[in-house]
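The structure under discussion appears below in the form of structure tokens.
Number of protein chains: 2
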Amino acid sequence: MPTTIKDVAAAAGVSVGTASKALNGLGRMREDTRARVLAAARQLGFRPNPLAQGLLAGRTFTVGLVSSDSFGRFSIPVMLGAEDALGAGQISVFMCDTRDDPIRERHYIERLLARRVEGIIVTGRRTEPRAGIGQNLPVPVVYAMTQSVDERDLSIIPDDRGGGEQAARHLLATGREKIGHITGPERFQAARLRAQGLRDVVEPAGEVLFGEWSEEWGRQGADILLRAVPDVEAIFCGSDQIARGVAETLRERGRRVPDDVALVGFDNWEPMALACRPPLTTIDMSLGDIGRMAAEHLLNVMAGQPAESGVRTVPAGLVIRESTRVAQLP
Amino acid sequence: MPTTIKDVAAAAGVSVGTASKALNGLGRMREDTRARVLAAARQLGFRPNPLAQGLLAGRTFTVGLVSSDSFGRFSIPVMLGAEDALGAGQISVFMCDTRDDPIRERHYIERLLARRVEGIIVTGRRTEPRAGIGQNLPVPVVYAMTQSVDERDLSIIPDDRGGGEQAARHLLATGREKIGHITGPERFQAARLRAQGLRDVVEPAGEVLFGEWSEEWGRQGADILLRAVPDVEAIFCGSDQIARGVAETLRERGRRVPDDVALVGFDNWEPMALACRPPLTTIDMSLGDIGRMAAEHLLNVMAGQPAESGVRTVPAGLVIRESTRVAQLP
DNA sequence: GTGAAAGCGCTAACAT
DNA sequence: ATGTTAGCGCTTTCAC
Chain Y
1 MPTTIKDVAA AAGVSVGTAS KALNGLGRMR EDTRARVLAA ARQLGFRPNP
51 LAQGLLAGRT FTVGLVSSDS FGRFSIPVML GAEDALGAGQ ISVFMCDTRD
101 DPIRERHYIE RLLARRVEGI IVTGRRTEPR AGIGQNLPVP VVYAMTQSVD
151 ERDLSIIPDD RGGGEQAARH LLATGREKIG HITGPERFQA ARLRAQGLRD
201 VVEPAGEVLF GEWSEEWGRQ GADILLRAVP DVEAIFCGSD QIARGVAETL
251 RERGRRVPDD VALVGFDNWE PMALACRPPL TTIDMSLGDI GRMAAEHLLN
301 VMAGQPAESG VRTVPAGLVI RESTRVAQLP
Chain F
1 MPTTIKDVAA AAGVSVGTAS KALNGLGRMR EDTRARVLAA ARQLGFRPNP
51 LAQGLLAGRT FTVGLVSSDS FGRFSIPVML GAEDALGAGQ ISVFMCDTRD
101 DPIRERHYIE RLLARRVEGI IVTGRRTEPR AGIGQNLPVP VVYAMTQSVD
151 ERDLSIIPDD RGGGEQAARH LLATGREKIG HITGPERFQA ARLRAQGLRD
201 VVEPAGEVLF GEWSEEWGRQ GADILLRAVP DVEAIFCGSD QIARGVAETL
251 RERGRRVPDD VALVGFDNWE PMALACRPPL TTIDMSLGDI GRMAAEHLLN
301 VMAGQPAESG VRTVPAGLVI RESTRVAQLP
């Protein structure tokens with residue numbers, strides 16, 4: 001049985017009220033009394049029971065994190081960012097994974113609410129809009145790295161368009177103008193926005209090639225692109241996986257990267273980007289910042305500020321590696 | 001302000017005591033009274049406050065999960081398994097990530113204990129023995145996918161040796177006898193055990209090549225091995241990443257996989273194993289089972305059974321893909 | 001069959 | 001400066 005404040009009070013020879021004040025540094029009292037209580041508490045290894053504190057304060061100092069990205073590739077960084085922001089405020093995180101199952105999700109939300117979490121962060125794998133977890137929940141909800149179809153919800157997602165733009169500008173800055181684009185399925189908003197970012201800066205060489213989020217497609221797409229635009233100078237890819245596939249095909253076709261063709265990926269998924277030959281310049285979605293921003297929003301609302309709504313984007317970053325070094329002079 | 005049992009009692013025209021009994025299905029009472037209470041509760045959206053319940057019961061129905069694998073590749077599957085086992089018992093999981101920082105870890109453990117979690121699962125990236133989080137903690141602790149140096153702790157880790165053995169047996173079964181091995185640094189127990197598993201079944205062709213856990217090393221290692229053992233029939237790799245590197249070198253050197261050389265990886269890290277050319281046969285460490293087993297142990301100890309100690313291994317599985325198909329007859 | 005009351009650990013107002 | 005008390009929401013005994 002853990003030590004209670006009663007034990008501490010008894011050991012220090014004071015009442016529980018006094019002990020409480022001493023421990024919380026409140027009220028005025030003789031220095032030696034306070035010292036005696038603190039000493040007793042330390043000696044007994046006293047930790048205030050947060051259940052009792054919470055019951056009284058009407059707070060739990062917890063939030064729920066509901067992930068539908070079983071794989072964790074996107075939601076873990078988001079979670080780490082959120083933890084940064086919440087941890088400072090002594091807020092703990094209940095984590096649950098839905099396995100992409102709406103029933104399970106519903107179930108977890110219920111459980112979190114029953115536990116009186118003070119806010120909920122919903123994270124996902126992609127930014128595809130999804131049904132919200134409901135309006136009129138008793139706590140603030142924020143969607144991070146996923147997007148609610150409901151305009152009244154607040155969704156925080158990466159700036160896919162801006163990321164595409166940065167990739168394009170970087171390629172222009174390194175002297176490439178004929179830029180191809182190989183990306184995921186067109187039905188994905190992320191794919192469309194990344195392509196749009198590119199188009200906002202430069203007219204892509206050849207068609208934008210929509211396909212799959214896979215290396216296999218990267219290999220195929222590269223062949224198609226090389227046939228359609230033999231003198232292509234750079235390829236911007238919708239993901240690091242696609243970029244790896246592209247890099248392989250380029251190598252097999254005798255095109256040197258970056259000398260003949262520069263390559264930019266998207267995701268900054270390090271095991272991919274670093275293992276690519278050569279290591280891949282890529283766009284980093286700042287997932288940690290997304291998590292941090294989501295958590296900060298929750299904290300603000302918990303502190304009484306009005307809930308925001310709509311979609312916020314977090315600026316992406318450019319990570320420069322070998323695949324876009326400036327071409328060697330002849 | 002959430003609905004309390006008092007509100008329910010008032011709405012149903014009974015006392016709180018009666019309402020409590022009705023809601024928990026305890027005691028005997030008139031059917032219509034019970035029905036009236038339940039109806040009121042449903043109508044008001046009543047959820048019992050777990051803080052109050054926990055305060056009274058002296059339990060929190062929570063466990064802590066401390067991860068030192070910021071990347072999540074190993075700890076997420078472990079967490080999912082643990083969630084499976086715990087979720088059924090209405091136990092929720094506090095998740096925290098240490099970023100591999102001992103100070104932070106200490107801090108989180110303190111926080112979890114302060115929150116009166118009923119158990120702690122420590123997960124990590126690898127099975128390298130690490131310092132334990134301490135003895136004499138007030139709650140049971142189990143190490144999953146990481147190993148405490150302290151024999152008194154219970155650690156649940158994958159069966160690396162058995163995995164190596166399975167890989168070897170599979171290769172033998174498909175008719176290959178000259179088997180090379182390219183793996184991670186020898187200082188890793190996991191690397192040593194996987195190699196041992198191979199040796200237990202067959203004498204490896206050439207030296208076992210210890211190196212790094214990277215594709216780059218896989219490429220180099222394959223070159224070394226091909227030079228040393230030109231007629232090698234199969235290569236067992238210590239990770240899927242290494243195996244991918246090996247596959248690339250084999251292709252570049254004109255060796256067909258699996259026809260000339262069969263290939264087995266380790267991890268069943270799908271983005272790697274599936275993108276490999278050809279898709280990779282590999283060993284799956286059953287991470288979900290590791291998490292499940294860890295959680296079950298905690299549940300047992302919470303239920304009063306004696307804490308176990310030592311190291312338990314969880315059997316690995318073999319996932320067969322293209323890279324080891326039986327060689328075509330000439 | 002139902003209600004009243006005590007108490008889980010803690011804090012805050014009030015009393016001494 | 002310190003002690004006493006009420007009460008957070010709930011369950012559980014024990015009267016009625």
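Those protein sequence lines, which keep their order, are chains Y and F.
Counting from 1, one number per residue, gives the positions in the first sequence under UniProt numbering.
Counting from 1, one number per residue, gives the positions in the second sequence under UniProt numbering.
All C-beta atoms, glycine included, are put in the ideal place defined by N, C-alpha and C.
Small disclaimer: the values here were computed from a predicted structure and weren't measured.
Taking 9 Å as the threshold (beta carbon to beta carbon), is residue i in contact with chain F?
i: A275(Y); result: yes
i: N24(Y); result: no
i: Q135(Y); result: no
i: N268(Y); result: no
i: T60(Y); result: yes
i: A114(Y); result: yes
i: E322(Y); result: no
i: A247(Y); result: no
i: F188(Y); result: no
i: L80(Y); result: yes
i: R111(Y); result: yes
With 9 Å as the threshold, decide whether the Cβ of residue i is near any Cβ in chain Y.
i: D153(F); result: no
i: Q43(F); result: no
i: Q241(F); result: yes
i: I76(F); result: yes
i: E118(F); result: no
i: Q196(F); result: no
i: E212(F); result: no
i: M285(F); result: no
i: D97(F); result: yes
i: Q90(F); result: yes
i: V201(F); result: no
i: F71(F); result: yes
i: P330(F); result: With a pLDDT of 49 at P330(F), under the threshold of 50, the predicted position of this residue should be treated as unreliable, though the coordinate-derived value follows. So no, P330(F) is outside the interface.
i: R36(F); result: no
i: L280(F); result: no
i: G291(F); result: no
i: P48(F); result: yes
i: L51(F); result: yes
i: V93(F); result: yes
By the 10 Å Cβ neighbour count, where 16 or more other Cβ atoms means buried, how is residue i classified, buried or exposed?
i: A316(Y); result: buried
i: L287(Y); result: buried
i: V326(Y); result: exposed
i: G89(F); result: exposed
i: M285(Y); result: buried
i: I103(Y); result: exposed
i: D153(F); result: buried
i: D231(F); result: exposed
i: G54(F); result: buried
i: G17(Y); result: exposed
i: R194(Y); result: buried
i: P306(F); result: exposed
i: M145(F); result: buried
i: R253(F); result: exposed
i: A41(Y); result: buried
i: D32(Y); result: exposed
i: E83(F); result: buried
Give me the DSSP bridge partner(s) of residue i.
i: V93(F); result: V63(F)
i: H181(F); result: F236(F)
i: A85(Y); result: Answer by DSSP bridge pairing: none, since A85(Y) is not bridged.
i: S148(F); result: R130(F)
i: T282(Y); result: G265(Y), V319(Y)
i: R312(F); result: I156(F)
i: L209(Y); result: I182(Y)
i: T123(F); result: S67(F), A144(F)
Using 8 Å for Cβ pairs, my map puts residue i next to residue j. What's the rounded Cβ distance?
i: E151(Y); j: G310(Y); result: 6 Å
i: E296(Y); j: A85(Y); result: 5 Å
i: F266(Y); j: D240(Y); result: 7 Å
i: R116(Y); j: L26(F); result: About 23 Å; that fails the 8 Å criterion.
i: V261(Y); j: A228(Y); result: Actually they are not in contact, since the Cβ atoms of V261(Y) and A228(Y) sit about 14 Å apart, beyond 8 Å.
| said: Taking 8 Å as the cut-off, does the region 92-108 of chain Y touch the region 122-134 of chain F (at least 3 CB pairs, one atom from each stretch)? | reply: Touching, no.
| field | Validate contact between the region 197-207 of chain Y and the region 176-189 of chain Y using beta carbons, cut 8 Å, 3 pairs | value | Between the region 197-207 of chain Y and the region 176-189 of chain Y, the count of C-beta pairs closer than 8 Å reaches three or more; the two stretches touch.
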